[in-house]
Amino acid sequence: MILIGQYDSPFVRRVGIALHLYQLPFEHRPWSTFADADRLQALNPLMRVPTLVLDDGFVLIESHLMLDYLDRHVGPDRALWPAQDPARRQAQHITALATGMAEKAVSLFYERILHKTGPSPQWQARCAAQIGAVMAALEPELASRSSCYCGGETLGHADIAIGCALRFIADAHPGLIDAARYPALTAFAHTLEELPVFRQVSQPFLPPD
Ligand SMILES: N[C@@H](CCC(=O)N[C@@H](CS)C(=O)NCC(=O)O)C(=O)O
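Per the numbering used here, the very first residue in the sequence shown carries number 839; after that it's consecutive.
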């Protein structure tokens, strides 16, 4: 398997962390979405990362679908979604909030750096409001959890999605989030970043060149 994309992307990182947790061997190609656009597009018409090339050559796009495929591939004992509802549906709800928030943060970042005439204040305000609303929705979920992680006592996709989203927001948008308003999320992000797998699958944030 070949995982394409850099680990400063919250979506590439969540797949990389999952691959390590599944203990699946893979090659990592840290291509840039801008500098390596041509070779990326030859594999993925959307020119986005992560892009995952399976051993039979089939190319998977969309981190959600990669993790869905990989969870089935490794089987129920190593899968990173809780097996049963309501824990499964709750973990997927949290994951959708976290990855949706990461998408808004990526969009907000591109808005800031890619416009020659300057960003749209309306779009910036909308993205920031969406990120703030998700933070406010996730904070009580985290504060009221009765287990170590979102889906139980072991690390799963929802935790990984939250950790990757929060790290991206902190790196790409310093000062956007007031950590004091989200103590449970802030503490959780800190705990996750201390885990060996989060330390291993990590890189400094690199704006596109
Ligand atoms: N929903 C996608 C989002 C992937 C995504 O937005 N990746 C960004 C990098 S963080 C990207 O490839 N951006 C380049 C572009 O959209 O043209 C996923 O989960 O895989």
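Yeah, the Cβ is synthetic: ideal placement off N, Cα and C, and Gly gets one too.
Open item on the list: What does the alpha-carbon distance come out to for the pair Y860 and P959?
Closed with: 42 Å
Task: Segments assigned beta strand (DSSP E), at least 3 residues, entirely inside the stretch 893-949 - done: 897-899
Open item on the list: For a test of the three-state rule: what should DSSP assign to H858, helix, strand or coil?
Closed with: helix
- [ ] With R964 as the anchor, note down where its alpha helix (DSSP H) starts and where it stops.
- [x] P959 to A981
Task: Supposed contact pair V887 and S945 - C-beta distance, whole angstroms, cut 8 Å - done: Not a contact, Cβ separation roughly 15 Å.
Open item on the list: Buried or exposed, going by whether 16 or more other CB atoms sit within 10 Å of the CB of C965?
Closed with: buried
TODO: With a floor of 4 residues, list each alpha helix (DSSP H) that falls wholly inside the stretch 995-1028, ordered by position along the chain.
DONE: 995-1010
- [ ] Evaluate the contact criterion for the stretch 965-985 versus the stretch 941-955: three or more CB pairs, one atom per stretch, below 8 Å.
- [x] yes
Open item on the list: I believe L976 touches L935 by the beta-carbon criterion, under 8 Å. Please report the beta-carbon distance rounded to the nearest angstrom.
Closed with: 6 Å
Open item on the list: Measuring only the C-alpha atoms, how far is P924 from A996?
Closed with: 14 Å
TODO: Verify whether the separation of the beta carbon atoms of R1005 and E1032 is less than 8 Å.
DONE: no
Open item on the list: As a quick check of your reading: which residues have a C-beta less than 5 Å from at least one non-hydrogen atom of ligand 1, in chain order?
Closed with: S847, F849, T871, R886, V887, E900, S901 and V944
Open item on the list: Quick test of your reading: H858 and V1035, contact by CB under 8 Å. State the CB separation rounded to the nearest angstrom.
Closed with: 5 Å
- [ ] Below 6 Å CB to CB, which residues in the same chain sit around P1046 once its five sequence neighbours on both sides are set aside?
- [x] F872
Task: Short Cβ contact (8 Å threshold) for L841 with G854 - done: yes
Task: Sheet register partners of G989 (DSSP bridge) - done: According to DSSP, G989 bridges with nothing at all.
Open item on the list: For a test of the three-state rule: what should DSSP assign to V1035, helix, strand or coil?
Closed with: helix
TODO: With DSSP as the reference, label R867 as helix, strand or coil.
DONE: strand
Open item on the list: Quick check on the burial criterion: 16 or more other C-beta atoms within 10 angstroms. Buried or exposed for P920?
Closed with: buried
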